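To start, the structure under review is shown below, and the notes come after it.
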Amino acid sequence: MWEARVTTARHWEFAGVRGAVTAHSWPHEPPRYVAVLVHGYGEHLGRYEHVAAVLNAHGAVVCGPDHQGHGRSAGERVLITDFEEVVTDLHTVVEAAHVDHPGVPVVMIGHSMGGMIAARYAQRYGSELTALVLSGPVLGRWDALAALLALDEIPDIPIDTDTLSRDPEVGKAYSADPLVWHGPFKRPTVEALDATVQAINAHGSLGALPTLWVHGSDDQLVPLDGTRTGIDAIRGDDLTEKIYPEARHEVFNETNKDEVLGDVTAFIDRNLP
Numbered sequence: 001m002w003e004a005r006v007t008t009a010r011h012w013e014f015a016g017v018r019g020a021v022t023a024h025s026w027p028h029e030p031p032r033y034v035a036v037l038v039h040g041y042g043e044h045l046g047r048y049e050h051v052a053a054v055l056n057a058h059g060a061v062v063c064g065p066d067h068q069g070h071g072r073s074a075g076e077r078v079l080i081t082d083f084e085e086v087v088t089d090l091h092t093v094v095e096a097a098h099v100d101h102p103g104v105p106v107v108m109i110g111h112s113m114g115g116m117i118a119a120r121y122a123q124r125y126g127s128e129l130t131a132l133v134l135s136g137p138v139l140g141r142w143d144a145l146a147a148l149l150a151l152d153e154i155p156d157i158p159i160d161t162d163t164l165s166r167d168p169e170v171g172k173a174y175s176a177d178p179l180v181w182h183g184p185f186k187r188p189t190v191e192a193l194d195a196t197v198q199a200i201n202a203h204g205s206l207g208a209l210p211t212l213w214v215h216g217s218d219d220q221l222v223p224l225d226g227t228r229t230g231i232d233a234i235r236g237d238d239l240t241e242k243i244y245p246e247a248r249h250e251v252f253n254e255t256n257k258d259e260v261l262g263d264v265t266a267f268i269d270r271n272l273p
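Counted the way the UniProt record's numbering counts, the sequence shown spans residues 1 to 273.
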């Protein structure tokens, strides 16, 4: 296992489709590869410092944005009306990495809603990626979306933080984080999520792009069976699947996170040119 090292993140801002987007970067010179992190709904990239540290120690320069309406980026909180715009903003971050590190392979790692965004990115810009990692991705069939869309008014019910990880400290930190959204879903965002899941299903295979899918068997937020239908829809020629027994939604924050991150770095090693 690579020993994580502490590297201070650099923050920079660019004009996104809907306003200013804040991006994060953890430098490494010279990099073996660029790791692009794509965070989930309601959170921000600052929650991935420990993931960046492991990837940094593995030889990567690590980067990624706070999506529009999330974290340090501009916009009404958690309001996204079109995830194609989010993919476009993500592409701006990848293009900047290409300018700074020409010819260096790019690996994209997306969690939950970020896994959905990363999968859509791979469908649009897959030729730019060397490998793709999807963690608990919102793909295929997410019954929570249908349930929310059926309601006249979306209730303000906070997330059960026990569903994040078997480590109770993860839930406590999530609840105390001022950059995490603790309010209800917004209907335009739910509609945009549903439209994007359907678009990904319709687009089909990722082709030859090496893809690692990691998921907790006890993921109650994004259940395994619904995601599996989406994985089957985009499955390409090179898919690796790792299901962790009893793990919950945030496998990068789980009690066996060292095992999970070790599997990620081993997958990357197998696929770097």
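Where a beta carbon is used, it is the ideal one built from N, C-alpha and C, also for glycine. In this text the structure is predicted, and so the values were computed from the model without any measurement.
With distances taken Cα to Cα, identify the nearest neighbour of residue i among the options.
i, options, result
"residue 67", "57, 41, 54", "41"
"residue 218", "48, 254, 248", "248"
"residue 177", "37, 45, 18, 134", "45"
"residue 208", "39, 236, 181, 52", "236"
"residue 117", "130, 102, 135", "135"
"residue 215", "269, 227, 205", "227"
"residue 39", "32, 47, 33", "47"
"residue 166", "261, 64, 254, 129", "254"
"residue 28", "37, 15, 52", "52"
"residue 194", "204, 146, 233", "146"
"residue 30", "72, 93, 121, 97", "97"
"residue 61", "244, 100, 131, 222", "100"
"residue 33", "58, 121, 111", "58"
"residue 104", "25, 152, 261, 128", "128"
"residue 234", "260, 262, 124, 172", "124"
"residue 199", "36, 169, 140", "140"
What is the residue span of the beta strand (DSSP E) that residue i lies within?
i, result
"residue 275", "Residue 275 lies beyond the residue range present for the chain, which begins at 1 and ends at 273; the question has no answer from this structure."
"residue 135", "131-135"
"residue 106", "106-111"
DSSP three-state label for residue i, please.
i, result
"residue 273", "coil"
"residue 50", "helix"
"residue 267", "helix"
"residue 122", "helix"
"residue 255", "coil"
"residue 342", "Because residue 342 is not part of the residues shown, which for the chain are 1 to 273, the question remains open."
"residue 206", "coil"
"residue 261", "helix"
"residue 215", "strand"
"residue 150", "coil"
"residue 74", "coil"
"residue 69", "coil"
"residue 103", "coil"
"residue 140", "coil"
How would you write the range of the alpha helix (DSSP H) that residue i sits in, first residue to last?
i, result
"residue 227", "224-234"
"residue 249", "Element bounds for residue 249: n/a, residue is neither H nor E."
"residue 100", "83-100"
For residue i, I'd like the list of residues in its chain whose CB is within less than 8 Å of its CB, leaving aside the five on either flank, ordered along the chain.
i, result
"residue 185", "78, 148, 154"
"residue 13", "20, 21, 22, 23"
"residue 49", "9"
"residue 85", "16, 17, 18, 68"
Going along the chain, which residues of its own chain have a beta-carbon closer than 7 Å to the beta-carbon of residue i, five neighbours each way excluded?
i, result
"residue 69", "75, 76, 77, 78, 79, 80"
"residue 192", "80, 81, 82, 83"
"residue 158", "182"
"residue 174", "161, 164, 180"
"residue 2", "In this prediction, residue 2 has a pLDDT of 44, which is less than 50 and means its spatial position is unreliable; what the coordinates show is noted afterwards. Same-chain partners within the cutoff: 54, 57, 58, 265."
Between residue i and the rest of its own chain, which residues show a CB-CB distance below 6 Å, the 5 nearest in sequence each way excluded?
i, result
"residue 231", "213"
"residue 73", "21, 22, 66"
Practice item. Ignoring anything shorter than 3 residues or poking outside the stretch 21-66, list the beta strand (DSSP E) runs there in chain order. Key: 33-38, 60-65
Exercise for review: Go through the stretch 153-182 residue by residue and report every complete run of the alpha helix (DSSP H) that reaches 4 residues or more, in order.
Suggested key: 168-176
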